[in-house]
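Participant:
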Amino acid sequence: MTASAPSTASTGGRKGSASAAEPPEVMAQASSENFPVASRLLPRTARGDLLAVYGFARLVDDAGDEASGDRLALLDELEGDLEAAFVRGGAPSHPLISALRPTIARRSLPIEPFRALIEANRRDQLVHRYQTFAELLGYCELSANPVGELVLGILDAATPRRLELSNRICSALQLVEHWQDVAEDHRRGRVYLPAEDLERFGVLDQELADHAATESFKRLMAFEVARARGMLSEGAPLVRTLRGRSAFAVAAFVAGGRAALLAVERADFDVLASRPRPGAALRAQQLLATLLRPESR
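2 is the number of the first residue of the sequence shown in the working numbering; add one for each residue after it.
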């Protein structure tokens with residue numbers, strides 16, 4: 002999944018064996034999720050295009066996480082629709098993908114980041130565990146980094162250096178989400194904690210199933226939190242390369258990740274009992290700190 006997906010899967014009028022979310026359901030979610038693409042922090046001229054990309058990302062996540070029936074078949078259908086959106090005279094059948102066409106043309110966006118988001122959700126159907134951290138980062142390259150590439154493209158701010166920094170931030174944010182959702186992911190049959198780390202800290206799969214936050218598990222989570230925090234700090238200099246609302250929005254991305262990691266710490270690294278969530282005061286505190294000193298940990 003490319004982000005925490007709401008349960009919005011419903012009949013979408015498609016011919017396939019699964020269902021896709023309807024535009025009103027997906028776009029209504031934009032106002033309720035803590036997702037900078039839907040916030041007023043972003044430049045007004047870019048907001049509509051960013052919401053179109055957001056709608057696509059939510060649609061694909063719903064297909065991979067929530068849809069009934071053959072999810073791989075539905076993802077194939079969505080990829081066919083996506084290709085139609087990039088062809089002159091093409092006619093995507095899903096309204097959310099059709100809505101992407103003006104954004105694609107106006108911002109000269111490439112097809113590859115969109116394809117990567119679909120491929121990430123395909124992988125979720127086929128790969129349920131990762132042996133190494135390097136393998137997990139490979140998944141993040143599909144599930145998270147393309148979002149940053151698209152956002153920078155819409156902001157007309159995509160340079161090789163900015164993309165490099167954005168990739169660190171986006172991969173870190175994906176890791177943050179995984180560390181918050183260890184229990185929920187395990188219920189779905191997915192374990193994103195690398196097997197090499199579970200073995201290193203002596204954490205057994207049964208502990209995840211039992212929601213037992215042992216001292217070994219807490220040490221593992223402290224290690225993963227520190228690693229994600231380091232990646233956020235490595236990417237945070239991106240804030241200083243941008244101006245105005247764009248810089249503020251990217252700082253909000255980074256600050257949101259940092260606040261979530263602090264919430265995990267304050268829960269004594271027990272992410273099995275419940276999902277640690279940062280409060281508004283903590284998020285605001287981290288936003289101010291990130292604006293003043295982006296690279297700070």
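Every residue, glycine too, gets a C-beta built ideally from N, C-alpha and C.
Using 8 Å for Cβ pairs, my map puts Phe49 next to Arg108. What's the rounded Cβ distance?
Facilitator: Residue identity check: residue 49 is Gly in the sequence provided, not Phe. About 11 Å separates the two Cβ atoms, so there is no contact after all.
Participant: Could you tell me which residues DSSP pairs with Arg130 in its beta bridges?
Facilitator: Answer by DSSP bridge pairing, in chain order: Val192.
Participant: In whole angstroms, give me the CA-to-CA distance for Leu52 and Cys171.
Facilitator: 18 Å
Participant: Smallest Cα separation from Arg45: which of Gly65, Asp125, Leu293, Ser247?
Facilitator: Considering only alpha carbons, the answer is Ser247.
Participant: Tell me whether Val128 is buried or exposed, calling it buried when 16 or more other Cβ atoms sit within 10 Å of its Cβ.
Facilitator: exposed
Participant: Alpha helix (DSSP H) containing Leu110: first to last residue?
Facilitator: Leu110 -> no alpha helix (DSSP H), and no H or E assigned at all.
Participant: Check whether the region 190-200 and the region 241-256 are in contact - that is, three or more C-beta pairs closer than 8 Å.
Facilitator: Taking one beta carbon from each stretch, the region 190-200 and the region 241-256 have fewer than 3 pairs nearer than 8 Å; the two do not touch.
Participant: What does the alpha-carbon distance come out to for the pair Glu136 and Glu142?
Facilitator: 10 Å
Participant: Give every residue of the same chain whose Cβ lies closer than 6 Å to the Cβ of Val204, excluding the five residues on either side of it in the sequence, and list them in chain order.
Facilitator: Ser217, Phe218, Leu221
Participant: Tell me the DSSP secondary structure of Asp198 in three-state form.
Facilitator: helix
Participant: How would you write the range of the alpha helix (DSSP H) that Ser69 sits in, first residue to last?
Facilitator: It is not in any alpha helix (DSSP H) - Ser69 carries neither H nor E in the DSSP assignment.
Participant: Go ahead and label Asp211 buried or exposed: buried means 16 or more other beta carbons lie within 10 angstroms of its beta carbon, across all protein chains shown.
Facilitator: exposed
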